[in-house]
Every structure is written in structure tokens, then in C-alpha cells.
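Residue numbers (my numbering): 25 to 326.
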């Protein structure tokens, strides 16, 4: 298959490129072509785009089987008004541009895999959430709704659209785990806040596997939660990580300290819902890492 990716040099994008490079023709749209060529295998074609305007890159989409849109600035930072606007523009603008581009193609892609996140849901520890649950309130939920809506017009071009609502992605060399590991390795790690909030996670190999599964199932479309079937509380996550690293994991990070450090963004870490991947399971996707301990061991054990 011919697969075109945006965000192909990010944590998830690199994993997809590694997994699919030998089987498919991969083309990555990137603002920094030379940097992308250094990071990605030689078999990947890197094409310049600015994510804002149509250009020669449009021809890359012609006849593509799949578009994977992962473009977006990292959410894990203090959300000042300026940062919020950057987070929004880095997602909405490239998505709208891709919709505009698809409308001009003689042969649009058959499938569009669109990144999203479980932050779109109400962050309530008492809730069990699936793909039918309504959006919540707050910055992350509003951003998620706008981001998903930006891709929707592609459906009018006959494109099968699948939204991938990512949970906390666990893998080596990036993502949330890379930021969590240093204090745990020093023996000063522990739960964040009350520890009772849910952490809906997924191993990076299941992100890649579930995305490829959707490519192979032409009858599937709509929203899919990219989370493992067994979410855990923050307390359980900390205990499991400490167990694998053979380090204590009882030094709790108080909520007030996190709020001082991260401001509004801290709320996304202090709250959390139990998000379940019901549509993937019903469709027959078999998770390689359904349990947290095996997932963390796969990442952390050489």
C-alpha cells in the first residue's frame, strides 16, 4: 500500500514507519526534510510541506491508499494562552489543509486515519468510557472536538475516516514513559495526586497494530479508542513500574505541586477516566499487550 503520513518523525510516527517500511510504500510530509531523512529509513520518501499551504506535495496524495494524520505539537507543557493557540493551530490547520487537498484529487485516499486523544472525554474517575460516551468540558475536550471535526469533510469525498483516540502511549524512546522514568530510577518516583485516578494506557506496538488492523478492515469507520482493555489507577501504575525497576514507588507527587509546575495542564494528570477500546475488541483486534506489567516489561527489559 501507498501510505502518506504527517507527523512521521514523532514518537508514534516513527514507530509506524519502522513497522511498515518493509511492507508498504511510505511517504512522510514534513517541514524539515533533511532532519526527517536522518531520522527515518532510506526507503521512506520525505516530502516538504509547511502544513499551511497547498504545494507540490499535493501530488504525493494522488493515488495513496492511506493518509495518517498525526500532525500536532506535544500537549505536555504548561498551557499559557499562547501555547494553547499553538496546540490548536498545529492540529487544526494541517487537518483542514489535508481536507482541502483531498478535495482536489482525482483519486482520493481510500482511508484516512486521524489522530485524536481520550482527553476528549469527561475526566471523571467514576466513569467507564467507551466510543459512545459524549465529549467532556475543558481545553482538551474542546480541542479534541474541533480537531476531529476538522477532518470530517473528507468523508464527502468518499474517504473512509477513522479517528484514533490515543490513550497514554507506552514505548521506548519517547512518549509519557520517558518523562516518568528518571525519578523512578532514582528511587523517588510515585503516584501523582490521589493515585485513584485512572490511567488509560496502550503499548506503542498496539497503536501500530491497531492502526494497521483498521487498514485491513474496509468495513470499519468512525471513532476507535486506542487504549488497552485493562486500564489501571495511578497507584497501580506506580507500583508496577517500581516493581519492574526494583525501586521504591511510594513518594507521592502532591496535586498542589503539580499545579504550581504545570498550571491548568496538571488537571489532565490529576483526573482520568476508565477508557475502554470496545470497538476494536468487537471488531476482533487482539491486543499484544492487554496487561500493564507485560507492556512495561516489554519496554524496559532488554
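Note that the Cβ used here is the ideal one computed from N, Cα and C, for glycine as well.
- The Cβ-Cβ distance between residue 301 and residue 253 falls below 7 Å.
- Counting C-beta pairs closer than 8 Å gives fewer than three between the region 192-204 and the region 273-291, which falls short of the contact rule.
- CA-to-CA, the gap between residue 256 and residue 262 works out to about 10 Å.
- Unbroken beta strand (DSSP E) stretches of 3 residues or longer found wholly inside the region 108-144: 135-141, given in chain order.
- In the DSSP assignment, residue 159 is bridged to 145.
- A Cβ-Cβ distance of about 18 Å is found for the pair residue 294 and residue 273, leaving them out of contact under the 8 Å criterion.
- Residue 75 counts as buried, since at least 16 other C-beta atoms from the protein chains shown sit within 10 angstroms of its C-beta.
- In this structure, the straight-line span from the alpha carbon of residue 187 to that of residue 214 is close to 33 Å.
- Only exposed fits residue 179, as fewer than 16 other CB atoms lie within 10 angstroms of its CB.
- A residue is called buried once 16 or more other Cβ atoms fall within 10 Å of its Cβ, and residue 115 is buried on that count.
- The DSSP-derived three-state label of residue 220 is coil.
- Between residue 30 and the set 66, 305, 52, the nearest pair of CA atoms involves 52.
- With three or more CB-CB distances shorter than 8 Å, the region 117-131 counts as touching the region 78-90.
- Taking C-beta separations shorter than 7 Å and ignoring five residues to either side along the sequence, residue 158 has no partners in its chain.
- Residue 203: member of the alpha helix (DSSP H) spanning 199-209, first to last residue.
- Along the length of the region 214-274, whole beta strand (DSSP E) runs at least 3 residues long occupy 225-227, 246-250, reported in chain order.
- Between residue 189 and residue 248 a beta carbon distance of about 7 Å is seen, short of the 8 Å cut, so the two are scored as contacting.
- Taken through DSSP and simplified to helix, strand or coil, residue 305 comes out as helix.
- Collapsing the DSSP output to three states places residue 99 in coil.
- Between the C-alpha atoms of residue 71 and residue 170 there is a straight-line separation of about 27 Å.
- Inter-residue distance for residue 303 and residue 292 is about 24 Å (C-alpha atoms, whole angstroms).
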